[in-house]
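Counting in the UniProt record's numbering, the sequence shown runs from 1 upward without gaps.
Down below is the structure, laid out as structure tokens.
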Amino acid sequence: MAAPRYSRIGERPNGPSATLIIVGSLLVGALLIGAWVLTAPAAIAGGDEGTAMNTADTKTPVDASDVPDTSTEEDIEKEAPADELPAEQDAEPATSEDTKEEPAPTTEGESSESVEENVEETTSETAEQKIPESVEEKTPKTDDSKLPDAINPDAELNTDNVELNSTKFETQADESQEEKVARGEEETSGTTPSEVQESVGDASKDELPEWKLCSFEGAQDYIPCLDNKAAIKKLTTTKHYEHRERHCPTEEELPKCLLPLPSNYKVPIKWPESRDAVWFSNVPHTELASYKSDQNWVKVSDNKQKLIFPGGGTQFKSEHGALHYIEYIEKIVPDISWGKHVRTLLDVGCGVASFGGYLFDRNVLAMSLAPKDEHEAQIQFALERGIPAINSVMGTQRLVFPSNVYDVVHCARCRVPWEIEGGMLLLELNRLLRPGGFFIWSATPVYWDNEEDTKIWNDTSDLLSRMQWTMLTRSIDPETKVGVAIFQKPKDNDLYALRSPDALPPFCEDDDKPDAAWYVPMKACMHKIPSGEGVRGTSWPADWPLRVESTPTWLSSTEAGVYGKPAAEDFRSDTDHWKRVVHKSYMQGLGIDWTSVRKVMDMKAGYGGFAAALITLPLWTMNIVPVTEPDTLPIIFDRGLIGMYHDWCEPHSTYPRSYDVMHSDHLLSTLTKRYVSFKSLLEYLQF
1 MAAPRYSRIG ERPNGPSATL IIVGSLLVGA LLIGAWVLTA PAAIAGGDEG TAMNTADTKT
61 PVDASDVPDT STEEDIEKEA PADELPAEQD AEPATSEDTK EEPAPTTEGE SSESVEENVE
121 ETTSETAEQK IPESVEEKTP KTDDSKLPDA INPDAELNTD NVELNSTKFE TQADESQEEK
181 VARGEEETSG TTPSEVQESV GDASKDELPE WKLCSFEGAQ DYIPCLDNKA AIKKLTTTKH
241 YEHRERHCPT EEELPKCLLP LPSNYKVPIK WPESRDAVWF SNVPHTELAS YKSDQNWVKV
301 SDNKQKLIFP GGGTQFKSEH GALHYIEYIE KIVPDISWGK HVRTLLDVGC GVASFGGYLF
361 DRNVLAMSLA PKDEHEAQIQ FALERGIPAI NSVMGTQRLV FPSNVYDVVH CARCRVPWEI
421 EGGMLLLELN RLLRPGGFFI WSATPVYWDN EEDTKIWNDT SDLLSRMQWT MLTRSIDPET
481 KVGVAIFQKP KDNDLYALRS PDALPPFCED DDKPDAAWYV PMKACMHKIP SGEGVRGTSW
541 PADWPLRVES TPTWLSSTEA GVYGKPAAED FRSDTDHWKR VVHKSYMQGL GIDWTSVRKV
601 MDMKAGYGGF AAALITLPLW TMNIVPVTEP DTLPIIFDRG LIGMYHDWCE PHSTYPRSYD
661 VMHSDHLLST LTKRYVSFKS LLEYLQF
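Okay, here's the thing in structure tokens:
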């Protein structure tokens, strides 16, 4: 079936170990060349906002063998049968649904604050960082005279953060592999690189490559695993958005050059001003300004110097804007309680992420998600604005998050056909949403009564009813005339007992691993609610902001954590450890202008202690848990932070220049053991 809009069916060992900080385009030795392309120069001390960077004049031509296949999307789609061409998710070409009349918004204001005592206060207050006195009082003031030897001015980067071999935490790689083996599925061809053999010999003796700037078309925005045209051409179908998923090139196929800056690239505008405007030369794309001109997503300034974001969206494009929409949601369902009961949110089909951007005013941290499609810049716009966002798609693979971690999942005209394929995509949301969490659906099927919308509503609401989700409200805002339906996932398994044994969708097999998420195909089945004493997901985390320092109740007081102590004690020790390290070392002497830092990536996040130590600054951290490390990502989400799984033996799916600071603690030493050469490590990490 196919509707017109949807064409697809503890105690750490003694001895210091250095922590690596990768900052902007500041290359700290040859090892950091790989991270250069992922960072923006905003955090370099002395770099003024709007300062032009030297970009195009230094390009060096590359060999033809260094250039990836650049065949166009149109070429690919022409080769596919017409009935297999998908309708695009979210910010795709306008349809009859998109062109229906609704009023347009105006810009709302925002503010921000920095409360870190070592950082000069240069930005206005933002509600994201408002930590009540109760939390500040719980955080002990640091007495430098009592700091351990590992944190002193003479050894300020010694973090002593080494995990033991024996821990109760399974790795994501093991979980995912076990799940695929249990299903009898082989590794997905053309999606993940083949296993690399362990390095032979001393990687440090490898001859370093001579790096030159790439000169192929589109090099400045190249994402290897999403722009692998050769692999995409080999797909037999694109009906399930396979062409928007990751298809990573081999080491030999990667361009052997550095991705250049766009012409006339400038130091990015600081937050919170960046939420409303960014330099056009940094993201020189105007497609969305044309396609979504009636919806007030983005406009080009009169002098052509900036892109302006009025705060509009497909469902909140009136003069009221995103803030009114956010307030209306809480008004009709007060239990949502933004910034207290609800802290983490997944925004599916986010567009330019204005919804997530304005949620910072309510202390909510949104992970905005959309595919890289012909509106290629939507996620790039979001990141340039300073809003958390990732390139991803509701396709055939599970999203790279653990189960039961998001307080809210939001879809505002996200164009995802929840009702088809046995509800597989909606069941993926069921996997991600906490027991008792909320699904906010704002789309024309909620409040229009034409034949097509009515059918979509009936099919989707029937599916949600069979999943035992409770509809809390189906309301139309009298001011904007936009409708919202809000559903709640069951808090326990009691409602499931009411289902008949042959009810659809079926329950997943008992041995199905809901946390397995690395290249694991989706399945149209429903996981039961976690139950039992000491089991994760049986209770809601503490209200924000107490959540960030509260020890998750399910952490064991006897079984070993990542660093050897009992897990609960290990967590608290790690939290205190990173407070000391950040206060004593990171806030001074590293050449980082923290007032210019908005976007941080922790490449090996552990318990999320580094991100928690930065929580009073007007920034956010993308916490990466490598798939070969203990799976601590559920802990990170339980403390009100966000993150994702990744294998650093593959390029990341984000855009070049996405982050202001990249932080690595005891990561590179483990990666070199998995690589054939030090040179190949650099080639992967630059993306």
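Idealized CB from N, CA, C, for every residue including glycine.
- Contact between the stretch 638-653 and the stretch 581-590 is absent: fewer than three C-beta pairs spanning the two stretches fall below 8 Å.
- Distance from the CA atom of G386 to the CA atom of R246, rounded to whole angstroms, is 24 Å.
- Judged by beta-carbon spacing, S403 lies beyond the 7 Å limit of A382, meaning their Cβ atoms are not closer than that value.
- Taken atom to atom, the span from the alpha-carbon of S215 to that of P260 is near 8 Å.
- Residue pairing for Q397: DSSP places it in a beta bridge opposite P521.
- Judged by DSSP in its simplified three-state form, N458 adopts helix.
- For a cut-off of 8 Å, the C-beta gap from M522 to M424 is around 5 Å, short enough to register as a contact.
- Cβ contact annotation for D459 (same chain, cutoff 6 Å, sequence separation greater than five): E419, in chain order.
- If one requires a minimum length of 4 residues, the alpha helix (DSSP H) runs lying completely within the stretch 327-400 are 354-359 and 378-385, in chain order.
- T473 places its beta carbon 7 Å or farther from that of I456.
- Annotated as distal: R431 and V520, with beta-carbon spacing of 7 Å or more.
- Taking C-beta atoms under 8 Å as the contact rule, V446 and V348 fail to qualify, at a distance of about 15 Å.
- Boundaries around R572 are those of the alpha helix (DSSP H), A567 to V581, since no beta strand (DSSP E) includes it.
- DSSP places I420 in the coil class of the three-state scheme, outside both helix and strand.
- Remark: fewer than three beta-carbon pairs, one from each stretch, lie closer than 8 Å, so the stretch 353-373 and the stretch 477-496 are not flagged as touching.
- E559 is a Cβ neighbour of K168, given a cutoff of 7 Å.
- In the DSSP annotation of this structure, the continuous segment of the beta strand (DSSP E) that includes P626 starts and ends at W620 to P626.
- In terms of CA proximity to F316, R413 leads the group E273, V400, F401 and R413.
- DSSP places L671 in no beta strand (DSSP E) but in the uninterrupted alpha helix (DSSP H) bounded by L668 to L671.
- In the structure shown, I636 falls within a helical segment according to DSSP collapsed to helix, strand and coil.
- Sequence-distant partners of S557 (beyond 5 residues in either direction) whose C-beta falls short of 6 Å from its own C-beta, in its chain, are P566 and A568.
- Going by beta carbons, W544 and G640 fall inside the 7 Å limit.
- Of all alpha-carbon atoms in T238, W554 and T628, the one lying nearest the alpha-carbon of D373 is that of T238.
- Annotation for K233: no beta strand (DSSP E) segment contains it, though the alpha helix (DSSP H) segment containing it runs K229 to K233.
- CA-to-CA, the gap between H410 and I440 works out to about 5 Å.
- Looking only at D576, T575 and L614, the smallest Cα-Cα distance to M587 is reached by L614.
- In the structure shown, the three-state DSSP call for L641 is coil.
- H320 carries a coil assignment under DSSP once its states are collapsed to helix, strand and coil.
- Excluding its 5 nearest sequence neighbours in each direction, V333 has C-beta neighbours in its own chain below 8 Å: F438, L472, T473 and I486, listed in chain order.
- For L555, the closest alpha carbon among the candidates Q220, I635 and N228 is that of I635.
- Counting C-beta atoms within 10 angstroms of its own C-beta, D502 has fewer than 16 neighbours from the protein chains shown and is therefore classed as exposed.
- Around the CB of V562, 16 or more other CB atoms lie within 10 Å, so the residue is classed as buried.
- Excluding sequence positions up to five before and after L323, its CB lies within less than 8 Å of the CB of E108, G311, Y358 and D361, all in the same chain and listed in chain order.
- Counting only runs of at least 3 residues, the stretch 467-511 fully encloses the following beta strand (DSSP E) elements, listed from N- to C-terminal order: 470-476 and 483-488.
- Contact check for T51 against V267 passes: the beta carbons are separated by less than 7 Å.
- Here the C-alpha atom of W578 lies approximately 41 Å from the C-alpha atom of A524.
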